[in-house]
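Engineer: What the sequence shown shows, in our numbering, is residues -1 to 743, in sequence order. Cβ coordinates follow ideal geometry from the N, Cα and C atoms, glycine included. Just so you know, these numbers come straight off a predicted model, no measurement behind them.
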Amino acid sequence: MLIKFKYLICVLFLSCFIAQAQEELTLEAIYNSSKYSTQYHSQIFWISKGDAYITIATNENGGKQLIKHTSKNNNKSIFLSSQALTPIGATKALDVEAFSLSDDQSKVLIFTNSSKVWRSNTKGDYWLYDFKQSKLSQIGKQFPSSSLMFAKFSSDNNKVAYVADFNIFIENINTGLIEQLTTNGSTTHINGTFDWVYEEEFGMRDGFSWSHDDEHIAFWQLDASDTGTFYMINTTDSLYSKPIALQYPKVGQPPSKTRVGVINTEDGAINWIPIPGDPVQHYLPGMQWVSEDLLLIQQMNRKQNQLIIYSYKVDSGELKKVYTENHSAWVDLRYPDVSSNHWGGNELLLTDSNKSFLRMTETDSWRHVYRINIATGEQTLLTPGEYDVATIYALSDNELYFSASPDNATQRYLYSVPLNGKGKLRRLTPQDYSGVNTYDISPNAKFAIHKHSNTERPTTVQLVRLPNHQLVSELVTNDHLNESLRQLDLPTTSFFKVTTEEGVEIDGRITKPADFDSNKKYPIVFNVYGEPWGQMTIDSWIGMFDIYLASKGFVIIKMDNRGTPSLKGSQWRKSIYKKVGVINTRDQALAAKQVLKWPFVDKDRISVWGWSGGGSMTLNLMFKYPEIYQTGISIAPVSHQLLYNNVYQERYMGLSTENLEDYIAGSPVSYAKHLEGNLLLIHGTGDDNVHYQNAEYLINELIRNNIQFDMMSYPNRSHGIYEGENTSIHLYTLISNYLLEHNKE
-1 MLIKFKYLIC VLFLSCFIAQ AQEELTLEAI YNSSKYSTQY HSQIFWISKG
49 DAYITIATNE NGGKQLIKHT SKNNNKSIFL SSQALTPIGA TKALDVEAFS
99 LSDDQSKVLI FTNSSKVWRS NTKGDYWLYD FKQSKLSQIG KQFPSSSLMF
149 AKFSSDNNKV AYVADFNIFI ENINTGLIEQ LTTNGSTTHI NGTFDWVYEE
199 EFGMRDGFSW SHDDEHIAFW QLDASDTGTF YMINTTDSLY SKPIALQYPK
249 VGQPPSKTRV GVINTEDGAI NWIPIPGDPV QHYLPGMQWV SEDLLLIQQM
299 NRKQNQLIIY SYKVDSGELK KVYTENHSAW VDLRYPDVSS NHWGGNELLL
349 TDSNKSFLRM TETDSWRHVY RINIATGEQT LLTPGEYDVA TIYALSDNEL
399 YFSASPDNAT QRYLYSVPLN GKGKLRRLTP QDYSGVNTYD ISPNAKFAIH
449 KHSNTERPTT VQLVRLPNHQ LVSELVTNDH LNESLRQLDL PTTSFFKVTT
499 EEGVEIDGRI TKPADFDSNK KYPIVFNVYG EPWGQMTIDS WIGMFDIYLA
549 SKGFVIIKMD NRGTPSLKGS QWRKSIYKKV GVINTRDQAL AAKQVLKWPF
599 VDKDRISVWG WSGGGSMTLN LMFKYPEIYQ TGISIAPVSH QLLYNNVYQE
649 RYMGLSTENL EDYIAGSPVS YAKHLEGNLL LIHGTGDDNV HYQNAEYLIN
699 ELIRNNIQFD MMSYPNRSHG IYEGENTSIH LYTLISNYLL EHNKE
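(1) Touching or not, the stretch 622 to 642 and the stretch 666 to 686, by the rule of three or more beta carbon pairs under 8 angstroms?
(2) Pair every Cβ in the stretch 565 to 581 with every Cβ in the stretch 697 to 717, then say whether three or more of these pairs are closer than 8 angstroms.
(3) Should Phe524 and Ile504 be called a contact, given that it needs their Cβ atoms to be closer than 8 angstroms?
(4) Go ahead and label Ala407 buried or exposed: buried means 16 or more other beta carbons lie within 10 angstroms of its beta carbon, across all protein chains shown.
(5) Which residues mark the beginning and the end of the beta strand (DSSP E) in which Leu356 is found?
(6) Relative to the C-alpha of Asp405, which candidate in Arg425, Gly205, Asp585, Ser98 has its C-alpha closest?
(7) CB-CB under 7 angstroms to Ser184, same chain, minus the five flanking residues each way: which ones, in chain order?
(8) Compute the distance between the beta-carbons of Leu417 and Thr349, then report whether it is under 8 angstroms.
(9) Give me the Cα-Cα distance between Leu565 and Gly612, rounded to the nearest whole angstrom.
(10) Let me check one thing: in DSSP terms, what residues is Asn396 bridge-paired to?
(11) Run through DSSP, which three-state label would Lys130 get?
(12) Hey, Ser414 and Tyr399 are a contact pair by Cβ (cut 8 angstroms); roughly how many whole angstroms apart?
(13) What does the alpha-carbon distance come out to for the pair Met542 and Leu738?
(14) Looking at the structure shown, is Ile137 part of a helix, part of a strand, or coil, going by DSSP?
(15) Taking only runs of the beta strand (DSSP E) that begin and end inside the stretch 481 to 513, which ones reach a length of at least 3 residues, in chain order?
(16) What are the complete alpha helix (DSSP H) segments, minimum 4 residues, inside the stretch 601 to 680?
(17) What is the C-beta distance between Val667 and Ser637, in whole angstroms, given that I count them as a contact (C-beta under 8 angstroms)?
(18) Shortest alpha-carbon distance to Ala634 belongs to which of Thr616, Tyr642, Trp609?
(19) Going by the beta-carbon positions, is the gap between Thr787 and Lys510 smaller than 8 angstroms?
(20) Specify the secondary structure class of His210 as computed by DSSP and reduced to three states.
(21) What number of angstroms, rounded off, separates the C-alpha of Tyr391 from the C-alpha of Thr234?
(22) With distance defined between alpha-carbon atoms, name the residue in His740, Ala27, Ile168 nearest to Asn724.
(23) Within 10 Å of its beta-carbon, does Thr173 have 16 or more other beta-carbons around it, so buried, or fewer, so exposed?
(24) How many whole angstroms separate the CB atoms of Phe644 and Pro247, which I take to be in contact at a CB cut-off of 8 angstroms?
(25) Compare the C-alpha of Thr110 against each of Asp101, Trp125, Ser98 and name the closest.
(26) For Ile171, does the three-state DSSP call read helix, strand or coil?
(27) Closer than 7 angstroms by C-beta to Arg649: which residues in its own chain qualify, once you throw out the five before and the five after it? Chain order, please.
(28) What span of residues does the beta strand (DSSP E) with Ala91 cover, start to end?
(29) If I'm right that Trp796 touches Trp116 with Cβ under 8 angstroms, what's the distance once you round it to whole angstroms?
(30) Starting from Glu198, trace the alpha helix (DSSP H) both ways and give me its first and last residue.
(31) Specify, as a first and last residue, the run of the beta strand (DSSP E) that Ala446 falls within.
(32) Roughly how many angstroms lie between the CA atoms of Val685 and Arg715, to the nearest whole one?
(33) Measure the alpha-carbon distance for Leu10 versus Gly433 and round it to whole angstroms.
(34) Take Ser338 as the anchor and find which of Gln533, Gly250, Gln178, Ala512 has the nearest alpha-carbon.
(35) Can you name the residues that DSSP bridges to Ser471?
(36) Where does Gln296 fall in DSSP's three states?
What follows is the structure, encoded as C-alpha cells:
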C-alpha cells in the first residue's frame, strides 16, 4: 500500500510538472504582469575613485534614500537617509532621480521633479544636502518649479552653476546670492545646453563646465533662429487641437550656428573661441577642460567626414590644431555598439597625466585606438591587429580596457592592452561568460559592474574586481524570470551564416519553436533593422516577444547586412555610404533568398517587420522584393529620407544638394507603387523623431497608386509608442494578430 501511495504521489508530481512545463505564454502575462519581467540593476554612481559606489534605493516606507556600497566586499550602509531627504514641512522624501557629490563629499546635489526638454528629462529641481550642517535646502528656488538644468559644484564646493531659461547662473551656497552670466537666452539663442538634433544625434545635453580652478566656465551657445519649426498636433487632450512646436532641422536645412565661449567668473566677461570656418556649416560636438588654462574642442564639418581637435589656451588665446581625421565616408564620434553604455557628451579619455587623449578611429581596415599627444600631435597605436575595438571603457595606470570580439561578431568581451602600445591583447572576461558582456568600470579601474547575457540566459549583473575578473558579489540573477521560463516549452536559438549570390557573407540568428520538426514547413518572420545604428544578430537574451511568436509556430530570423555596426571591419560598416536603403536592402533580400532554400521554410508564408530604420527596411523589402515577402509590418519608418533630420541622414548620405538622386533611390516611397503583399503601417502621431508626416507622405503615394494597405496610428505617442495605459500590449497584440492572420496554412 505504501509503495502504491508513493507511486501515486510521483505520478501526480510528474503530471503537475508536465502541466507547468506546457503553460501557455500570453501577451497579457508579458506586458501586463511582472511574471516575465527582467530585473535590472539600478544606476550606480562611483565615489572615492571607485572604492565605493552609491545607488538610489527605496526603503520599507516607500521613501527614497542613497545607499553606499563598499566595492571590495559590497557591504552596504545608508549614505543619505530618507529622513534627511525630506524637506521641512513635507510628508515624504524627495523622489531622487540623480545626484552628484562635491569634490570633498561634504555636499550632495539632488535632482528631482524632472520634465522632458527634447527627448530626455533634463530639466527639474535641485536640492542641496550639507553633511556638516545636516541641512537640506533648495537651489534656485526663485525659479519656476522644474526649470533648472545641469547644476554642478565648483571645485571649492562653495558655488553651484546651472542653466535656467537657456541662460547660465552661479549661486553662492553660503549667501544665496545669484549671478547671471548670460543674458540673451531664449528658445532660439541657447546657452549651456543644446537643440533637439544635438541631443538626438550627438548625445549632447549638458552644455557647460567649470574650469579646474573655478576662474572660468566654458559653454556652448547655439543660434537656432534659422532652424525650421515642425508642428505636431495634439487632438486628444482638449476640445480644440493644440500645435506642439519642435525646432527640427530637416535634410538640406542649415544646422544651428554654434560657438564655444569662456566666461570669466570674476567679471562676467565672455571670450569667444575663434574656431575657423563657417559657424553654420560645422558642428562642435565636444569640449572639455584639460587643465586650469587648457581646453580641447572638437569640430566636425557639415558632411561629418572630417574631425579636427583643437587645443585652446584661455590666458593667451592660442588656438592650435592638434589632430585631424578624414574619411571618404564619415567620421564617428562615439561608435554605436551593443557594448556601449556611454551616451551623453563626447569627452575624450585623457591619459599621461592629461598630456594625451585617446581617439578611436577607422582610418584603416579596422577600428583602432590611438593615443594622441596634445602638445605634439604624435600618435601611438594601442590596439594593433586585425580586429575591431567595439567600445573604450576605462584606463588603469598601465592598461586600456575595452570591448571587442575578434573571433565572433555576435559577441562582446572585455579586453586590455598596455598603454605603451607594445603589449599583447588580453581577454579578461572568463570563458564561461559566452555571449554579450558589458562593463561599467570604476575610475581607478579596480572594480566593474559586469552585465552578461546570451540567447539562452537573461541578464545577470555582478560586481567584479579587475583585472582578474574576480567575483565580489552577485547583484542581479533574474531568478524570478528564470523560474517563470522553466514553466514554458522554450524555443531554440542558434546562429548561422549565408553567402549571397554577390558573395557577401551575412550573419544570422534563428529562433525555432520548441516542437520544431525539420520535416514540416514553417512560416518565417524576418525581424530587421539594417542601418548604421543597430546590430540585430547578437548573442544576447532573445526576449519574450520572440518566444511568444515561436510558441505560435513562427520561425524568427534576424540578419545583419553591410552597413550595420558589426565587428567585421571598416569596409563592412562604411560601404553603406550614400547607399542607405539600397545596399542594405539588397543584402537582406539576397540573404533571405538563401534562407528560402532551406527545406523547412514555407516560401508562401514569409513576413518581415521592423521599427524606425527597420520600418524603412521593411517598406523597401516589401516594395522592391514582392516575390520574397508576402506580409510586412512597418513601425515608425522614414518613408522619404529628405523628411528626417540633417545630422543623421547627411552623415550617411552626403549633402542632398550634391547627390539628391541617392536620397531618392534609398527612400521607400520611391517604390511604393510596387507593393503586392499585406502591409500594416504603424506610427505614433506625437513622434518627434520620425515625424508622423512620414506615414502620411507614404499613404498619399499608396492612395495615388490605388494600393490597399492597413494602418494604425497611436495618438500622441512618441517614437517608442509606449505612453498611455495598455499601449504596449495593444501594439504587440496588433503585430502578432496581423502575422497570424496572414500566415495561416
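Structural biologist: Considering the structure as presented:
(1) yes
(2) no
(3) no
(4) buried
(5) 354 to 359
(6) Arg425
(7) Phe164
(8) yes
(9) 20 angstroms
(10) Partner(s): none; Asn396 has no beta bridge.
(11) coil
(12) 5 angstroms
(13) 17 angstroms
(14) strand
(15) 490 to 497, 503 to 510
(16) 611 to 622, 644 to 651, 654 to 664
(17) 5 angstroms
(18) Trp609
(19) Residue coverage of the chain in this structure runs from -1 to 743, which leaves residue 787 outside it and unanswerable.
(20) coil
(21) 45 angstroms
(22) Ala27
(23) exposed
(24) Just to set this straight, residue 644 is Asn in the shown sequence, not Phe. At roughly 5 angstroms, the Cβ-Cβ gap stays under 8 angstroms, so Asn644 and Pro247 are in contact.
(25) Trp125
(26) coil
(27) Gln302, Trp328
(28) Taken as a continuous stretch (DSSP letters only), Ala91 belongs to no beta strand (DSSP E), as it is neither H nor E.
(29) Residue 796 lies beyond the range of the chain shown here (-1 to 743); nothing can be said about it.
(30) 194 to 200
(31) 445 to 452
(32) Correcting the residue type first, residue 685 is Asp in the shown sequence and not Val. If you take the alpha carbons of Asp685 and Arg715, they lie about 6 angstroms apart.
(33) Low per-residue confidence applies at Leu10: pLDDT is 43, beneath 50, and the placement is therefore not dependable enough to give any value.
(34) Gln533
(35) Leu461
(36) strand
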